[in-house]
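**Student:** Here the protein sequences line up with chains A, B, C and D, keeping their order. Going by the working numbering, the first sequence opens with residue 1406, and the numbers climb by one from there. Going by the working numbering, the second sequence opens with residue 147, and the numbers climb by one from there. Going by the working numbering, the third sequence opens with residue 9, and the numbers climb by one from there. Going by the working numbering, the fourth sequence opens with residue 2, and the numbers climb by one from there.
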Amino acid sequence: MNLLNPVLTIIGYVLVGIGAFCQVVAGIGMNRFPNFFVRLHAATICAIGGSFVPIIGCSLIALSIEEFGVIRFFLAGAGFVTAVFLLILAPVGSHLLAKAAYFSKAAVLYPKAVDLLEEDVERGEIRE
Amino acid sequence: MTVEYLVYFIPFYIVGLVLYIVRALKGPTLPDMVLAIDCMGYVLAALLVIFSLYLGSPLIIACAIVLTLWIYALDVYMSKYLEKKELGE
Amino acid sequence: MSDLYSLTPYVVLAVSALASTIAVYLAIIERDLIKAVLYSAIQSTFYALIFYLLMVPDIVLVYIPVAVGLLPAILIIAVKKTEKYEDVGGVPRTTSIIVLLSVTVFTLIAGYLLVVSHAITFDVFPSLDARLLAKWFLATTLWWNRLFSSMSPEAVTAIVWDYRGLDTYFETSVMYLAIIGALAIARYLDIPRKEYREDVMGMSIIGKMSTRVIMPMIIIVAISIALHGHLTPGGGFQGGVTGAVTVSLLIFIFSVYFATRFFKISIAILLRIIGLAGIVLSATIVAIIGFLIGQPAYIFQNQPKIIAQIGLPYEIGGNLISGTLLLFNTSEFLAVLMGFAILFLLLSIPEENVLEVIKGEVE
Amino acid sequence: MSRIIRAIPVAILTFIVYIVFTGSATHFDIVTGVIGAVIVGIVFGSVVITNTYKFLQLQRYFWGLAYALYYFFIAEVRAHYDVIKRILNPKMPINPGIVKIPIDVASDYSILAVANSITNTPGTVTVYVHPNKKYLYINWIDVVTREPEEARKAISYVFEKFAKKVFD
């Protein structure tokens, strides 16, 4: 176990570093991108690269700290469960929001190359 | 085996947080604001975990999971509102 | 350089205080009510971060669900059922700027005074320089002597039961009174009987399937938070509000007709009554035992005291259960979860039915 | 009877989550965990599970592991690199649009897995699932092609292959 601890720590720090980088980039993207449907991609970077990855990293670091005693398993376990919830729920949130925004016309997909969904709606194939 | 180097990473998360706040306060449309609040929630969840490690008190971590869940619930409410259907259905 | 970095938590505190002030200001002057709700959600998230950094996880666990989850939900439902825009002309610009400036100045001065007066110190985070009352409370509650402590390693829970039991009881009863009021207003209303149809009702299939996977996990995490209330931050109320996510997800993502497969309003009321009875029982069980065996005992008593020598066991087989606290947490979890279930079910009654009932009353 | 059989996998899953979240395995945790997991399993079993016997087929777990490894170490990394490059590029080369891709899986959980994988890789977001569950509508940051089959090859083909092995 003692041999494994430094490895876990280093991996954890690398993951936290990746998370920090992704957060900054996603923040810049959030402000640079022109409309809602493009910003969704920046939000994905925030959720996965920026939050899921560092939470896993923190769990690994916590596992390697023996001064915390038994409580470190609590931190690591809760961190893993949080990360799994994030992994399942974040995309669903984005999807629901995108769908509602698209069909309620609250946000418009303006600079667009192609919109096959709109064509199908106009053809009457989809009623929403 | 030490947690004190975590402090060098925290400022980057704060920069991200501030950028999301800017978008959330500016956001021209409703979905933009909700998306920015989402991102704020996610980066806060990561920050809570990092802080619980950095401040050396692992017991306070349960807040992160609750934050993640309720931010998702906020998404669901807003998309239900935007869909303009009856609430029960 | 590293001194500078050790100030990071304070920078975070400052950023969140500033952001929440701006959000409150925008929420006040905004005319679009939904945007105002979102601004208040921003403010709530930052307050949660502030509370978290000040090391009050129990309050964060209550604050996030209530202020980020339930309040926006109820406000959004209210806005959806009434009007989107505020009728009043709004606050004049100069007045609002003056208000914002004064609030900001007040925040800065108050923060400066707090730092100067060493209520918050820059030495250690949070201050090790605990004050006298706090020291006394911690010394009596966390001292492992059954005559003083309630035998729980979690400071907040330890204080709550033996020292603040009665006022916690009245605080919770406020929420129960609110739910009783809602039930009394809605006494003629019920959810109409309709068949749930997968293809027409509810939101998209991805939302439905993911909710199916995640619901049991949310409930089990809530149960864990509730049942470990005497060991880690959390407790009955915190677990209950976490579990209430599932109810709102069931109603909003599937439909209310799907939710009534699990519990109807009457069953929710019944379970809530069981939870309330459990709370009352946990408050009086020691007194009842004392009455039966003819020894003096108090209500809200957990461990033996000097003049009342009976109490519940604090451990079973080496596992700490802290006397009545486990019973209290379990019943509070049930009562709070079912209380929120009742509220959400009542809020999602279709408007036509409500109008019909109101018409009948008028005639 | 089928209700009880369906409850078992849910109860086991929730018990694992309980123990992981609690982070300790004393007698108290195990007893309360078993009680809570059984209650949750009985309440939610019929909603969550459609076919219990899929849980007994071990090869599904190996395919799930392979899916996770491919997903986290190849698909995610590639997509993150691509979108980060677009954000940091001063000219910001984006060409967004909504494309339609066919999907050929049987169970609803496969649709969830494919759609979530698509949404979780930056650059693609699932906007809509066709009511007959045969097409997904994807918001793509850089539309290369509008032909459904080619778009499928670029976006979802591998996910679909893995999801079929795991969930169908």
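Cβ coordinates follow ideal geometry from the N, Cα and C atoms, glycine included.
Please list, in chain order, the chain C residues whose beta carbon lies closer than 8 Å to that of alanine 38(D).
**Tutor:** The residue given as residue 38(D) occupies position 37 in the fourth sequence. In chain order: Ile228.
**Student:** Suppose the cutoff is 7 Å on Cβ atoms and the five residues either side in sequence are ignored; what does the same chain contact list for alanine 2(C) look like?
**Tutor:** The question about residue 2(C) has no answer here: the residues shown for chain C are numbered 9 through 371.
**Student:** Can you tell me whether threonine 219(C) is buried or exposed, with buried defined as 16 or more other CB within 10 angstroms of its CB?
**Tutor:** As a position in the third sequence, residue 219(C) is number 211, starting the count at 1. By the 10 Å Cβ count, threonine 219(C) comes out buried.
**Student:** Can you confirm whether alanine 1518(A), when its beta carbon is compared against all beta carbons of chain B, has any partner nearer than 9 Å?
**Tutor:** The sequence position of residue 1518(A) within the first sequence is 113, counting from 1. No - not a single Cβ of chain B is within 9 Å of the one on alanine 1518(A).
**Student:** Which term fits glutamine 58(D), buried or exposed, when burial requires 16 or more other beta carbons within 10 angstroms of its beta carbon?
**Tutor:** Here residue 58(D) is taken as the residue at index 57 of the fourth sequence, counted from 1. Classification of glutamine 58(D): exposed, given that the 10 Å Cβ count is below 16.
**Student:** Output yes or no for whether 9 Å exceeds the beta carbon distance between threonine 338(C) and leucine 235(C).
**Tutor:** For the purposes of this step, residue 338(C) is identified with residue 330 of the third sequence, where counting begins at 1. For the purposes of this step, residue 235(C) is identified with residue 227 of the third sequence, where counting begins at 1. Going by C-beta atoms, threonine 338(C) is nearer than 9 Å to leucine 235(C).
**Student:** Using 9 Å as the limit for Cβ to Cβ distance, is glycine 215(C) near chain A?
**Tutor:** Against the third sequence, residue 215(C) aligns to sequence position 207. With 9 Å as the cut-off, glycine 215(C) counts as an interface residue toward chain A.
**Student:** Out of curiosity, what's the CA-to-CA distance linking serine 1464(A) and proline 204(B)?
**Tutor:** As a working note, residue 1464(A) is residue 59 in the first sequence. As a working note, residue 204(B) is residue 58 in the second sequence. Roughly 11 Å separates the two Cα atoms.
**Student:** Between the beta-carbon of isoleucine 1453(A) and the beta-carbon of alanine 1495(A), is there less than 9 Å?
**Tutor:** In the first sequence, counting from the first residue as 1, residue 1453(A) sits at position 48. In the first sequence, counting from the first residue as 1, residue 1495(A) sits at position 90. Yes.
**Student:** Return no unless some Cβ of chain C is closer than 9 Å to the Cβ of valine 1497(A).
**Tutor:** Your numbering for residue 1497(A) matches position 92 in the first sequence. When Cβ-Cβ separations below 9 Å define contact, valine 1497(A) makes contact with chain C.
**Student:** When DSSP labels each residue in this structure, what does leucine 1(D) get in the three-state scheme?
**Tutor:** Past the edges of chain D, shown from 2 to 169, lies residue 1(D), and the structure says nothing about it.
**Student:** Using only the alpha-carbon positions, how far apart do leucine 174(C) and alanine 49(C) sit?
**Tutor:** Position 166 of the third sequence, counting from 1, holds the residue named residue 174(C). Position 41 of the third sequence, counting from 1, holds the residue named residue 49(C). When rounded, the distance between both Cα atoms is 32 Å.
**Student:** Kindly indicate which three-state DSSP category isoleucine 58(C) falls into: helix, strand or coil?
**Tutor:** Numbered from its first residue, the third sequence carries residue 58(C) at position 50. It is helical.
**Student:** Could you check which residue in Ile1423(A), Glu1523(A), Leu1413(A) has the C-alpha nearest to that of valine 78(D)?
**Tutor:** Indexing the fourth sequence from 1 puts residue 78(D) at position 77. Distances from the alpha-carbon of valine 78(D) to those of Ile1423(A), Glu1523(A), Leu1413(A) put Ile1423(A) closest.
**Student:** Does the separation of the CB atoms of threonine 250(C) and valine 221(C) fall below 9 Å?
**Tutor:** As a position in the third sequence, residue 250(C) is number 242, starting the count at 1. As a position in the third sequence, residue 221(C) is number 213, starting the count at 1. No, Cβ-Cβ distance for threonine 250(C) and valine 221(C) is not below 9 Å.
**Student:** For phenylalanine 133(C), which residues of its own chain have a beta-carbon under 7 Å away from its beta-carbon, when the five flanking residues on both sides are left out?
**Tutor:** Here the question's residue 133(C) lines up with position 125 in the third sequence. With a pLDDT of only 49 at phenylalanine 133(C), under 50, the local geometry of the prediction cannot be trusted, and the value read off the model is given with reservation. Excluding sequence neighbours, phenylalanine 133(C) sits near Pro17.
**Student:** According to DSSP, simplified to helix, strand and coil, what is asparagine 361(C)?
**Tutor:** Here the question's residue 361(C) lines up with position 353 in the third sequence. In this structure, asparagine 361(C) counts as helix in the three-state DSSP scheme.
**Student:** Could you list which residues in chain A have their beta carbon closer than 8 Å to that of serine 212(C), in chain order?
**Tutor:** If you number the third sequence from 1, residue 212(C) lands on position 204. Under the 8 Å cutoff, chain A gives His1500, Leu1501, Lys1504.
**Student:** Name, please, each residue of chain B whose Cβ falls closer than 8 Å to the Cβ of serine 14(C).
**Tutor:** Here residue 14(C) corresponds to residue number 6 of the third sequence, with the count starting at 1. Going along chain B in sequence order, the residues near serine 14(C) (Cβ under 8 Å) are Val153.
**Student:** Do the CB positions of valine 11(D) and valine 49(D) come within less than 9 Å of each other?
**Tutor:** Taking the first residue of the fourth sequence as position 1, residue 11(D) is located at position 10. Taking the first residue of the fourth sequence as position 1, residue 49(D) is located at position 48. Cβ atoms of valine 11(D) and valine 49(D): closer than 9 Å.
**Student:** Look up tyrosine 19(D) in the DSSP assignment and say whether it is helix, strand or coil.
**Tutor:** Working through the fourth sequence from its first residue, we reach residue 19(D) at position 18. Tyrosine 19(D) falls in the helix class under three-state DSSP.
**Student:** Could you have a look at proline 134(C) and say whether DSSP puts it in helix, strand or coil?
**Tutor:** For the purposes of this step, residue 134(C) is taken as residue 126 along the third sequence, with counting starting at 1. A caution first: proline 134(C) carries a pLDDT of 49, below 50, which makes its placement in the model too unreliable to give a value.
**Student:** Can you check DSSP and say which residues form a bridge with tyrosine 129(D)?
**Tutor:** In the fourth sequence, counting from the first residue as 1, residue 129(D) sits at position 128. In the DSSP output, where bridge partners are listed per residue, tyrosine 129(D) has Tyr138(D).
**Student:** Going along chain C in order, which residues have a C-beta closer than 7 Å to the C-beta of isoleucine 1493(A)?
**Tutor:** By 1-based counting over the first sequence, the position of residue 1493(A) is 88. One finds Ser218, Val221, Ile222 in chain C with Cβ atoms closer than 7 Å to the Cβ of isoleucine 1493(A), taken in chain order.
**Student:** Hey, is the segment 1460-1477 of chain A in contact with the segment 189-204 of chain B, meaning 3+ C-beta pairs nearer than 8 Å?
**Tutor:** yes
**Student:** Measuring CB to CB, does threonine 53(C) end up less than 9 Å from leucine 181(B)?
**Tutor:** Within the third sequence, the letter at position 45 stands for residue 53(C). Within the second sequence, the letter at position 35 stands for residue 181(B). No. Outside cutoff.
**Student:** Drop a sphere of 10 angstroms on the beta-carbon of isoleucine 156(B), count the other beta-carbons inside from all chains shown, and report buried for 16 or more, exposed for fewer.
**Tutor:** Looking up residue 156(B) in the second sequence gives position 10. Buried.
**Student:** Please list, in chain order, all residues of the same chain as threonine 1414(A) whose beta carbon is under 7 Å from its beta carbon, the five residues on each side excluded.
**Tutor:** As a working mapping, residue 1414(A) is identified with position 9 in the first sequence. Taken in chain order, the residues that qualify are Ile1466, Ser1469.
**Student:** Name the DSSP bridge partner or partners of leucine 26(C)?
**Tutor:** Translated into the one-based positions of the third sequence, residue 26(C) becomes position 18. Leucine 26(C) pairs with nothing; no bridge assigned.
**Student:** Straight-line CA distance for glutamine 51(C) to phenylalanine 245(C)?
**Tutor:** Counting from one through the third sequence, the residue named residue 51(C) turns up at place 43. Counting from one through the third sequence, the residue named residue 245(C) turns up at place 237. Going by the C-alpha atoms only, they are around 22 Å apart.
**Student:** Starting from the C-beta of alanine 295(C), find all residues in its chain whose C-beta is less than 8 Å away, skip the five residues before and the five after it, and write them out in chain order.
**Tutor:** Within the third sequence, numbered from 1, the residue matching residue 295(C) stands at position 287. Contacts found: Ala305, Tyr306, Ile307, Gln309.
**Student:** Quick one: any contact between the segment 151-168 of chain C and the segment 314-331 of chain C, if contact means 3 or more CB pairs under 8 Å?
**Tutor:** yes
**Student:** Would you identify the three-state DSSP class for lysine 101(D), choosing helix, strand or coil?
**Tutor:** Position 100 of the fourth sequence holds residue 101(D). The DSSP-derived three-state label of lysine 101(D) is strand.
**Student:** What residues from chain C crowd round tyrosine 227(B), counting only those whose CB sits closer than 9 Å?
**Tutor:** By 1-based counting over the second sequence, the position of residue 227(B) is 81. Within chain C, Ile42, Ile84, Ile85, Val87, Lys88 have C-beta atoms less than 9 Å from the C-beta of tyrosine 227(B), given in sequence order.
**Student:** Would the C-beta of threonine 254(C) count as close to the ligand GTP, meaning under 8 Å from any of its heavy atoms?
**Tutor:** With respect to the ligand GTP, the structure offers nothing, as it holds no ligand at all.
**Student:** If you draw a straight line from the alpha carbon of leucine 220(B) to that of isoleucine 366(C), how long is it in whole angstroms?
**Tutor:** On the second sequence, residue 220(B) is found 74 positions in, with the first residue counted as 1. On the third sequence, residue 366(C) is found 358 positions in, with the first residue counted as 1. So the two alpha carbons sit approximately 31 Å from each other.
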